[in-house]
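Enquirer:
Number of protein chains: 2
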Amino acid sequence: MREVAVIGIGQTPIEEQWDKSLKELAGEAALAALHDAGLERVDSIFVGNMMSGSANHQQHLGTQIADWVGMRFAEAAHIESACSSGAAAFRAALIAVSSGAVDAALAVGAEKMSDSPSDEITSELATAADFDFEAEIGLSFVAINALAMRRYMFEHGWKKEDFAPFSINAHANGAHNPYARFRSAITEQDYFKAAMVADPISVMDAAGMGDGAAAVVLVPAEYLRAAPGARIIRVAASAAATDTIALASRKEPTWLSAAEKSSRAAYAQAGVEPKDIDVFEAHDAFSIMAALSLEASGFAERGQGPRLALDGEIRPTGRVPIATRGGLKARGHPVGATGMYQIVEVIQQLRGEATGSQVDGAQIGMAQNIGGSGSNIITHILRAG
Amino acid sequence: MREVAVIGIGQTPIEEQWDKSLKELAGEAALAALHDAGLERVDSIFVGNMMSGSANHQQHLGTQIADWVGMRFAEAAHIESACSSGAAAFRAALIAVSSGAVDAALAVGAEKMSDSPSDEITSELATAADFDFEAEIGLSFVAINALAMRRYMFEHGWKKEDFAPFSINAHANGAHNPYARFRSAITEQDYFKAAMVADPISVMDAAGMGDGAAAVVLVPAEYLRAAPGARIIRVAASAAATDTIALASRKEPTWLSAAEKSSRAAYAQAGVEPKDIDVFEAHDAFSIMAALSLEASGFAERGQGPRLALDGEIRPTGRVPIATRGGLKARGHPVGATGMYQIVEVIQQLRGEATGSQVDGAQIGMAQNIGGSGSNIITHILRAG
Chain V
3 MREVAVIGIG QTPIEEQWDK SLKELAGEAA LAALHDAGLE RVDSIFVGNM
53 MSGSANHQQH LGTQIADWVG MRFAEAAHIE SACSSGAAAF RAALIAVSSG
103 AVDAALAVGA EKMSDSPSDE ITSELATAAD FDFEAEIGLS FVAINALAMR
153 RYMFEHGWKK EDFAPFSINA HANGAHNPYA RFRSAITEQD YFKAAMVADP
203 ISVMDAAGMG DGAAAVVLVP AEYLRAAPGA RIIRVAASAA ATDTIALASR
253 KEPTWLSAAE KSSRAAYAQA GVEPKDIDVF EAHDAFSIMA ALSLEASGFA
303 ERGQGPRLAL DGEIRPTGRV PIATRGGLKA RGHPVGATGM YQIVEVIQQL
353 RGEATGSQVD GAQIGMAQNI GGSGSNIITH ILRAG
Chain S
3 MREVAVIGIG QTPIEEQWDK SLKELAGEAA LAALHDAGLE RVDSIFVGNM
53 MSGSANHQQH LGTQIADWVG MRFAEAAHIE SACSSGAAAF RAALIAVSSG
103 AVDAALAVGA EKMSDSPSDE ITSELATAAD FDFEAEIGLS FVAINALAMR
153 RYMFEHGWKK EDFAPFSINA HANGAHNPYA RFRSAITEQD YFKAAMVADP
203 ISVMDAAGMG DGAAAVVLVP AEYLRAAPGA RIIRVAASAA ATDTIALASR
253 KEPTWLSAAE KSSRAAYAQA GVEPKDIDVF EAHDAFSIMA ALSLEASGFA
303 ERGQGPRLAL DGEIRPTGRV PIATRGGLKA RGHPVGATGM YQIVEVIQQL
353 RGEATGSQVD GAQIGMAQNI GGSGSNIITH ILRAG
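As you go down the protein sequences, you meet chains V and S in turn.
Counting the first sequence from 1 gives a position; our numbering is that position plus 2.
Counting the second sequence from 1 gives a position; our numbering is that position plus 2.
See below:
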């Protein structure tokens, strides 16, 4: 397998984008990434998206994006694994380039949720859960996570307010990110008075939806030897693991076994340990998920994720900076695009371009994208230089 | 890149499967393939499916199938490129194994169309076309192909009845396939009197829908050296190419440029020419598509696809046997599963297991899967021994 480098990144702001279609958003991010890479063409395009078939009446999105960005004849495919579709597309592009089958690939994550009426989008999001055993009985995706959070609070003795630092940190960082949907800091009071969505998850525990796209260009690292001045970001590890799709099927619903498996495999591939990770873009779709990710990925003891947050260790100056550009919470969570935003943000950190929330001297970054309620987890480690 | 072999195949009958859910169909094919391979686990599962999100209220299908077949912690992803989703999943599995990232992979194609009401399924199928420029103006997917067939007949002087042999050959072969949806031969009279769907496409020019799943297991070919008695089927080539998603955007709407690109790349990889192909599982979703595929893949001169059929050369005893197990026309076309059925059927031929329509001494087979109206075409060449 060839070592692979990311030589271009692109993203759109996340908001309700009423004046742009899904393909226009995807195209904007893709062309920005190509421009950043200094490339005009790639061999293959992998598009991560969860629900264009229902929300935008458009399947076959790989082909449509390839056509839209003028990449006729390139290979194109659409990859979907619910909210981890973005990282799944990145991993497909990575494997294609590392295998030698392809010399340059574009990975795009794109989602346009505003096209669906708000009652329908809740049903569409529930297709990430098990239809037969979860969605069918009326569990929305937020409700499933609320059950996990309630159980976790019971098991480990945390109160709801102990989760406040996750949201406060995300919004503090998102305020510096011009692409983030929510660009203002919040206070503890804002967290405490936030409207409840599915008890104990309030709007300040849940990532906001949005429309957006992010993209990266991947090439074999060996091609870059001739350009010593280039800011080379190498992919040091990629590992994916699944768990039962239904939360209730797990022996321990408050432990992310798939995060444990995929992060351990990634650490082994990269030859690093959790303490070596300078930036960790965790999948904080809900504050409970941020806590569970920190624990299963080896940054905190079991049940002690909130402790790390309360101690300030998840801030850009802390031991395990997460949500450094706002995370899913403040940047926004256009579901199939999120995994690609995480990778783009890690790369911004490794390039030293994370203005306002730069982690000093960041050299090794990790992005972890979660599909479903912890049922498909993909971890990537990237390294500068 | 490591050479890859297919060591297990599985499939379900194609019909209206009211007593089985999508995951049960996919699981049945997957477990059959694992049993055939003599394996209990794989590292990764790639599921090709077009529209489970809308037709079955279930996205995240890779994870669900991995869970359903007891493959907890395995990697899983869902790949979609409309009607070429099956071959796209096979190609993803192939690249993962050939790269060395994965040692054993399962590729599954599955689609359950009967769950959607018939008026909705037409809209869902149209998501394979360009929503903005085709579906939005009321063009169904059959209508787009009818425009192509009408134009082709005008350009090359063929009459509708000249396409009869495509349908007659498919049904004659499908009669011997226990997994085919339509298992009775048809006559020229049946073809002539068939009800029109979108002039000039009648029901005898169009593949029937259906519910079904097919699966294969892939491993590095080098792992099989120790088992000299095994029927080894090697993957000799894999190539994918796209074209504009909208038919009207092409300079030549009756020439499949993406088939030309992908088949030429595949021939080069395998070191073969069209004359070396013993079996060609073409994507005969419509009889016009069979003709266009034969031409763009180098088996017939431009405009002469129907000639090959009229001369009997597409039969199992002919020069270019197609639809040898019924093709899309008679086997049925559960859209996201079709590409995997094609590969399974090529392997049946190379193993000498295509009872009733066996091509004598078949050693090299080709499967070509088409997504959209020729906009995403994936060609695989497989070789016995």
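Beta carbons: idealized from backbone N, C-alpha and C, even for Gly.
Since this is a predicted model, take the numbers as computed values, not measurements.
1. Would S:GLY376 count as contacting chain V if we go by Cβ distances under 7 Å?
2. Counting only Cβ-Cβ distances shorter than 9 Å, please list the residues of the stretch 101–119 of chain V near chain S, keeping chain order.
3. Considering only the beta carbon of each residue, do S:VAL110 and S:LEU220 sit closer than 7 Å?
4. Pull up the DSSP beta-bridge partners for V:ASP288, would you.
5. Expressed to the nearest angstrom, what Euclidean distance is found between the alpha-carbon atoms of V:ASN58 and V:ALA339?
6. Residues bridged to V:LYS114 by DSSP?
7. I believe V:ALA90 touches V:ALA107 by the beta-carbon criterion, under 8 Å. Please report the beta-carbon distance rounded to the nearest angstrom.
8. Please give me, in chain order, every unbroken run of the beta strand (DSSP E) with length at least 3 that falls completely inside the stretch 164–190 of chain V.
9. Closer than 9 Å between beta carbons: that is the criterion. Which residues of the stretch 234–247 of chain V meet it against chain S?
10. Do S:SER299 and S:ILE146 have their beta-carbon atoms positioned less than 7 Å apart in this structure?
11. What is the rounded straight-line gap between the Cα of S:LYS195 and the Cα of S:LEU330?
12. With which residues is V:ILE383 paired in a DSSP beta bridge?
13. Looking at chain V, which residues of the stretch 76–98 of chain S have a Cβ within less than 7 Å of any of its Cβ atoms?
14. With a threshold of 7 Å on Cβ separation, who are the neighbours of S:GLU42 within its own chain once the five nearest residues in sequence on each side are excluded?
15. Note down, in chain order, all residues in the stretch 250–266 of chain V with a beta-carbon under 8 Å from any beta-carbon belonging to chain S.
16. Helix, strand or coil for S:HIS158? Go by DSSP, reduced to three states.
17. For S:PHE288, would you say it is in contact with chain V, using Cβ-to-Cβ distances shorter than 7 Å as the test?
18. Please tell me whether S:HIS173 and S:ALA187 are closer than 7 Å, where the distance is taken between their beta carbons.
19. Check whether the Cβ of S:HIS382 lies closer than 7 Å to any Cβ atom in chain V.
20. Using the C-alpha atoms, what's the distance from S:TRP70 back to S:GLN60?
21. What residues of chain V sit near S:ASN58, judged by a beta carbon separation below 8 Å?
22. Give a yes or no on whether the C-beta atoms belonging to S:ALA216 and S:ALA31 are separated by under 7 Å.
23. Report buried or exposed for V:SER120, applying the criterion of at least 16 other Cβ atoms within 10 angstroms of its Cβ.
24. How would you write the range of the beta strand (DSSP E) that S:GLU42 sits in, first residue to last?
25. Using 8 Å as the Cβ pair cut-off and three pairs as the minimum, do the stretch 377–387 of chain S and the stretch 257–272 of chain S touch?
26. So, is the C-beta of V:GLN13 closer than 7 Å to a C-beta in chain S?
27. As an exercise, report each continuous alpha helix (DSSP H) stretch of at least 4 residues that is fully enclosed by the stretch 38–114 of chain S, in chain order.
28. What first and last residue would you give for the beta strand (DSSP E) that runs through V:GLU283?
29. Evaluate the contact criterion for the stretch 23–30 of chain S versus the stretch 358–373 of chain V: three or more CB pairs, one atom per stretch, below 8 Å.
30. Within 10 Å of its beta-carbon, does S:TRP20 have 16 or more other beta-carbons around it, so buried, or fewer, so exposed?
31. Curious, which full-length beta strand (DSSP E) runs of at least 3 residues does the stretch 258–331 of chain V contain?
32. For S:ASP117, which residues in the same chain have their Cβ closer than 6 Å to its Cβ, ignoring the five residues on either side in sequence?
33. How long is the line joining the alpha carbons of S:PHE156 and V:ILE349, rounded to whole angstroms?
34. Please confirm whether S:MET211 has its beta-carbon closer than 7 Å to some beta-carbon of chain V.
35. Hey, V:ASN175 and V:GLU113: beta-carbon distance below 7 Å or not?
36. Using CA atoms only, rank isn't needed, just tell me which of V:TYR181, V:ALA208 and V:ILE123 is closest to V:ALA148.
Expert: On the basis of the coordinates in this document:
1. no
2. SER101, GLY102, ALA103 and VAL104
3. no
4. The sequence given here has Phe at residue 288 of chain V, not Asp. Paired residues: V:ALA208.
5. 15 Å
6. V:ASP213
7. Contact flag wrong, Cβ pair sits at about 14 Å.
8. As summarised for the stretch 164–190 of chain V, there are no continuous beta strand (DSSP E) elements at least 3 residues long confined to that stretch.
9. SER240, ALA241, ALA242, ALA243, THR244, ASP245, THR246 and ILE247
10. no
11. Their Cα atoms are separated by approximately 20 Å.
12. V:ALA239 and V:MET368
13. Residues of the stretch 76–98 of chain S that bring their beta carbon within less than 7 Å of a beta carbon in chain V comprise ALA76, GLU77, ALA78, ALA79, HIS80, ILE81, GLU82, SER83, ALA84, ALA90, ALA94, ILE97 and ALA98, in sequence order.
14. LEU36
15. SER251, SER259, ALA260 and LYS263
16. Of the three classes helix, strand and coil, the one that applies to S:HIS158 here is helix, per DSSP.
17. no
18. yes
19. no
20. For S:GLN60 and S:TRP70, the distance between alpha carbons rounds to 13 Å.
21. PHE133
22. yes
23. By the neighbour-count rule (16 or more Cβ atoms within 10 Å), V:SER120 is not buried but exposed.
24. It is not in any beta strand (DSSP E) - S:GLU42 carries neither H nor E in the DSSP assignment.
25. Verdict: yes, contact present.
26. No, its Cβ sits nowhere closer than 7 Å to a Cβ of chain S.
27. 54–57, 63–70 and 87–101
28. 281–283
29. Three or more beta-carbon pairs separated by less than 8 Å are not found between the stretch 23–30 of chain S and the stretch 358–373 of chain V, which leaves the two stretches without contact.
30. exposed
31. Listed in chain order, the complete beta strand (DSSP E) runs (minimum 3 residues) inside the stretch 258–331 of chain V are 281–283.
32. ALA57 and ASN58
33. 55 Å
34. no
35. no
36. Measuring from the Cα of V:ALA148, the nearest candidate turns out to be V:ALA208.
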